[in-house]
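For reference, the structure is listed below as C-alpha cells.
Number of protein chains: 2
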Amino acid sequence: MVDEERQATMEDVARRAGVSVSTVSRALRGLPSVSPHARSRVERAARELSFAVSRSASSLVTGKTGRVAVLAPGFDNAPWFLGTTLTGLAQVLSEADLDLLVYIITDMRERTAFLDRLPARRNADALLVVSFVLTPEEHERLDELGMPVVFVSQHAPDRASVYIDDAAGARQGMRHLLNLGHRRIAHIQSVGASDFVWSAHDRLIGYRQALEEAGLPYDDALVVQADYRRRAAVREAVGHLLSLPQMPTAVFAESDQIAFEVLGILRSCGVDVPGRMSVLGFDDHPLAEALGLSTVAQSAWRTGHAAAELVSSLLTDTAGEPARHIVLPTRLIPRTTTAPPPADHNPDRGLTAHPISARGTPDG
Amino acid sequence: MVDEERQATMEDVARRAGVSVSTVSRALRGLPSVSPHARSRVERAARELSFAVSRSASSLVTGKTGRVAVLAPGFDNAPWFLGTTLTGLAQVLSEADLDLLVYIITDMRERTAFLDRLPARRNADALLVVSFVLTPEEHERLDELGMPVVFVSQHAPDRASVYIDDAAGARQGMRHLLNLGHRRIAHIQSVGASDFVWSAHDRLIGYRQALEEAGLPYDDALVVQADYRRRAAVREAVGHLLSLPQMPTAVFAESDQIAFEVLGILRSCGVDVPGRMSVLGFDDHPLAEALGLSTVAQSAWRTGHAAAELVSSLLTDTAGEPARHIVLPTRLIPRTTTAPPPADHNPDRGLTAHPISARGTPDG
DNA sequence: CTGAAAGCGCTTACAG
DNA sequence: CTGAAAGCGCTTACAG
Chain A
6 MVDEERQATM
16 EDVARRAGVS
26 VSTVSRALRG
36 LPSVSPHARS
46 RVERAARELS
56 FAVSRSASSL
66 VTGKTGRVAV
76 LAPGFDNAPW
86 FLGTTLTGLA
96 QVLSEADLDL
106 LVYIITDMRE
116 RTAFLDRLPA
126 RRNADALLVV
136 SFVLTPEEHE
146 RLDELGMPVV
156 FVSQHAPDRA
166 SVYIDDAAGA
176 RQGMRHLLNL
186 GHRRIAHIQS
196 VGASDFVWSA
206 HDRLIGYRQA
216 LEEAGLPYDD
226 ALVVQADYRR
236 RAAVREAVGH
246 LLSLPQMPTA
256 VFAESDQIAF
266 EVLGILRSCG
276 VDVPGRMSVL
286 GFDDHPLAEA
296 LGLSTVAQSA
306 WRTGHAAAEL
316 VSSLLTDTAG
326 EPARHIVLPT
336 RLIPRTTTAP
346 PPADHNPDRG
356 LTAHPISARG
366 TPDG
Chain B
6 MVDEERQATM
16 EDVARRAGVS
26 VSTVSRALRG
36 LPSVSPHARS
46 RVERAARELS
56 FAVSRSASSL
66 VTGKTGRVAV
76 LAPGFDNAPW
86 FLGTTLTGLA
96 QVLSEADLDL
106 LVYIITDMRE
116 RTAFLDRLPA
126 RRNADALLVV
136 SFVLTPEEHE
146 RLDELGMPVV
156 FVSQHAPDRA
166 SVYIDDAAGA
176 RQGMRHLLNL
186 GHRRIAHIQS
196 VGASDFVWSA
206 HDRLIGYRQA
216 LEEAGLPYDD
226 ALVVQADYRR
236 RAAVREAVGH
246 LLSLPQMPTA
256 VFAESDQIAF
266 EVLGILRSCG
276 VDVPGRMSVL
286 GFDDHPLAEA
296 LGLSTVAQSA
306 WRTGHAAAEL
316 VSSLLTDTAG
326 EPARHIVLPT
336 RLIPRTTTAP
346 PPADHNPDRG
356 LTAHPISARG
366 TPDG
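Taken in order, these protein sequences are the chains called A and B.
Positions in the first sequence are counted from 1; adding 5 to them yields my numbering.
Positions in the second sequence are counted from 1; adding 5 to them yields my numbering.
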C-alpha cells in the first residue's frame, strides 16, 4: 500500500485544517467548546480525507469500546429469528453510534472457548445473550464480566432481560381455540434444541392455565413432544394424536416451525385443516402469513429493538437499575388454519349446528 | 466499579507471572521465543486473572484490528439467509481468531452514513458485502477502502466474490420439470427488493436457456413478476397464469419465498399441487423440507463458510489474487410439489396415461 | 530467551 | 476557545 493510500489519521486532518489534534478530536465529537470556524474547517478536512476515527485508539483512552457484543447459538435457534433480532438491534445501535460485534457459537469447543476467554470483555461495552441457555456456572461466569449483560428472548432472574410472556401468549392462543368451540386440544412441544426451553416450559404452563380457566381437565395423552429437526419424530407425535381413542380437534404447536411440520403431515394423510383439525402455531414466522397459519405472534424485530434500547440506556445512565425486565406483548393472529371443530367431534358441547354457523365466538 | 474488579491488563499478568510485559505478549501469542517455564507461568496467571487481550491496544500497534466487517441489508434480504450466512461465517472466523462486526443497513440514512464515513475502514481488516446491491459510485467508494472487500451471495466483476451459478441452478430446475414432461412452464420473478437482482436476472437466463435446449419457444405470457412482500401482487401474478388460454402445468418460482406464496394461493383456489400444477422453488428455505417443496438448493451456510475462508486467506497471504471468484454448486431437491403434468394438459406430448402412471420419468 | 523503551492514534486534564 | 503533553495497553525493534 502506497503512502498516499494510508488511512488518514487525526493528525492528517489537523494539518489540513490548520488546527491541533485536540481541536479535531473535540470538533468531531461535537463538543461545544469549538469555534464555528474551526469546526467547519475540521469537518471539511475530515470529509476530504474520508477520515474515520479509530475506535481502537479512542477506546484505549476512554475505556469505552463503542461496541456491543451479541452471543447467540448457531443452529439451535431458528435462523430467521437471529437475522431479524440482529436487524432490530442494529437499527437502534447505529443511532447510538455503537458497533455490533457478533459471536455465534455452534459447538462445544467454541462455547467453552468463549466462556473461558470471555473475548467480549475487553472488546465490547456490553453483552447481549440471545436465546442461549446457560448453565448456572456459565451464568456466574458472565456475572463476573464487569459489564452490563442483557438476556434477550429469554428470562433471566435478577438480570436484565427482554422477553415475551410465553405463558400469557399460550393462554391467548388456547382461548382462541376454546372460543371456537374446541374441547380436545393437543399440544406439541419441541425438545432437543437447547434454546427456547423456557419458552417450551412457559407455553405449556399457559396451555394448562387456559384449560383450567375453561374448566377442562388436563389430559396427559394430548401433550406430545418431538424434536422438530427429526421429521420422523414429529410424524410419530402426530401419529399418536391421530390414533387416540378420541382424536383431538385442534393442535396447538409450541412453535410455527412445528406447526408447519404438522400441517405437512396432516395434509399428506388427508386430514383436512381446518375442517377436521385446527392447527395453531406460535411465533409468527415470516412464512406464516403466506401459508395462512394462525398463530400467536411475537416480534423478533421489536425484541432486538427493545434490547438495544435497554443496553444503550444501561450504558449511558450507569446509575439505572441494572436488572430491568422488559416484557413484550404477543398477539393472536387468526388466519386459515383454525376454525370451529367438526360438529360430530364435539360431544360434550352437543352442538348440532354446522361449524360455520358457530363462528361467532363468545368473548374470552 | 471497585479497583479489584478492574479488568486485568498485561501488566497485571506480568506481575503475577514474574516476567515482563514483553514476555507476556509473546507467550500469549504463542511465539516460539519463550521458555517453556515462562510460558506456563504466563498462561496460568492469565487464566487466573481471566485476562483477555485488548484488541484496541494491540491493533493500535499492529495496524490489524482482528475484525472482519459484514455489510448486509436489513429487510430486503430474507432473514433466515442472513442468520445462516452469519453462522457459516462465524465458524471459520472464530478459528482464525477474527471477530465479526456486523453493519445491517435498513434505510437510506444509514446507507449514506455508512458509505460516507466508512466506519469499517478503521475498525476492521476486511469487509464482506452480503447480497447488497450497490450503485457504481458506491462500488468505487468501497474500492478506495484500502482493504480487502469480498462480495458474498452476489457476483461483482473484478472483485472477490462468492456466489452460486444462478443460471445453471435455474437450468437444473427447469430440466427437472422438462424431464417430468412439462411443456408449458411459467416463471415468477420477484421485484421490489433491491437485493437478489442478479439472481432474478440470472435465474431468468437459466429458464430461457433450458427452454432453448429443449427446443421450446419462450413465451412472454408465461413470465410474470411480483413483489413477494405484497400478497396481492403474487395473487394477481398467479391469476394471470390461471386465466391464460392455455394454462401452464408447472410454475418455476424464482425463490422458495414466492413458491410458498404460490402454493398457498393455489391451495386456496383448489388447484391441486402437484396433480394439476407442479411448483418448483429456488433456495431450499429451512421450511422447504417440512412443507415438501421441490426446489433448487443453495447453501447459505456454505456461502458464509467459503466467504470467511476467502477473506481469511486474503488477510494472511496478501500476495494472493485479490479478485478470486468462488462459485458454489446448487442441487435439485425433488420433493412432493413436482410431478408429471396431467395427461389432458399435455397436448404436444399426446400422453394418454393417467398422471400417476407417468411417474417413471425419463432420465435427463 | 528476556526486558526496557518507543510508539501506535486517540482523549483529557492542564495551562493559557 | 485552543494547544502541548501525558497516557491508555499493547507490540516490536533493539540490546543483552
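For every residue, glycine included, the Cβ atom is placed at its ideal position computed from N, Cα and C.
Since the structure is predicted, the reported quantities are computational estimates derived from the model, not experimental observations.
- In the DSSP assignment, S299(A) is bridged to L285(A).
- Considering only beta carbons, the part of the stretch 62-83 of chain B lying closer than 7 Å to chain A consists of A62, S64, L65, T70, G79 and F80, in chain order.
- In the structure shown, L132(A) falls within a strand segment according to DSSP collapsed to helix, strand and coil.
- In terms of beta-carbon proximity, A172(A) stays away from the interface with chain B, with every pair separated by 8 Å or more.
- Residue-level contact by beta carbon holds for A295(A) and chain B, with a gap shorter than 8 Å.
- In this chain, the alpha helix (DSSP H) harbouring H42(B) covers P41 to E53.
- If you ignore the 5 residues before and after A101(A), its C-beta comes within less than 7 Å of the C-beta of S317, all in its own chain and listed in chain order.
- Within 8 Å of the CB of P124(A), the CB atoms of chain B belong to A57 and D104, in sequence order along the chain.
- Contact between I193(B) and I109(B) does not hold, since their C-beta atoms are separated by about 28 Å, which reaches or exceeds 8 Å.
- Beta-bridge partners assigned by DSSP to P153(B): none are found.
- The three-state reading of DSSP puts Q159(B) in coil, since its state is none of H, G, I, E or B.
- Of all C-beta pairs linking the stretch 219-230 of chain A to the stretch 161-170 of chain A, fewer than three are shorter than 8 Å, placing the two stretches out of contact.
- Secondary structure of Q96(B) (DSSP, three-state): helix.
- Any Cβ of chain A closer than 8 Å to the Cβ of P291(B) would place that residue at the interface, and such an atom is present.
- Contacts between S99(B) and chain A, judged by CB atoms closer than 7 Å, involve E115 in chain order.
- Between the stretch 271-287 of chain A and the stretch 303-311 of chain B, the count of C-beta pairs closer than 8 Å stays below three; the two stretches do not touch.
- Excluding the 5 residues flanking it on each side, R126(B) has same chain C-beta neighbours closer than 8 Å at L150, G151 and M152, in chain order.
- A distance of 8 Å or more separates the beta carbons of V154(A) and V75(A).
- For the 8 Å CB-CB criterion, L94(A) and A313(A) form a contact.
- Collapsing the DSSP output to three states places R236(B) in a helix.
- When DSSP states are grouped into helix, strand and coil, P84(B) belongs to the helix group.
- The beta carbons of S299(A) and I338(A) sit about 7 Å from each other, so the pair counts as a contact at 8 Å.
- Taking 7 Å as the upper bound on Cβ-Cβ separation, chain B lies near residues R126, R127 and N128 of the stretch 126-140 of chain A.
- Taking the CA atoms as reference points, R240(A) sits about 18 Å from P250(A).
- Taking the C-beta atoms as reference points, F265(B) is found no nearer than 8 Å to L271(A).
- By the neighbour-count criterion, in which 16 or more other beta carbons inside 10 Å mark a residue as buried, T321(A) falls on the exposed side.
- Straight across, the Cα-Cα distance linking R52(B) with S27(B) is about 18 Å.
- Contact annotation, D170(B) with T335(B): C-beta distance approximately 7 Å; criterion of less than 8 Å satisfied.
- Look at the beta carbons and you see the stretch 61-81 of chain B touching the stretch 106-125 of chain B: at least three pairs across the two are nearer than 8 Å.
- Rounded to the nearest angstrom, the gap between the Cα atoms of R188(B) and A293(A) is 32 Å.
- In this chain, the alpha helix (DSSP H) harbouring S317(A) covers A305 to T321.
- With a threshold of 8 Å between beta carbons, T92(B) makes contact with chain A.
- M113(A) sits exposed, since fewer than 16 C-beta atoms from the chains shown fall within 10 Å of its C-beta.
- Nearest C-alpha to G68(B) among L123(B), G88(B), A131(B) and S45(B): A131(B).
- By the 16-neighbour rule on beta-carbons within 10 angstroms, G35(A) is exposed.
- By the criterion of a C-beta distance shorter than 6 Å, T341(B) is surrounded in its chain by G297, once the five residues flanking it on both sides are discounted.
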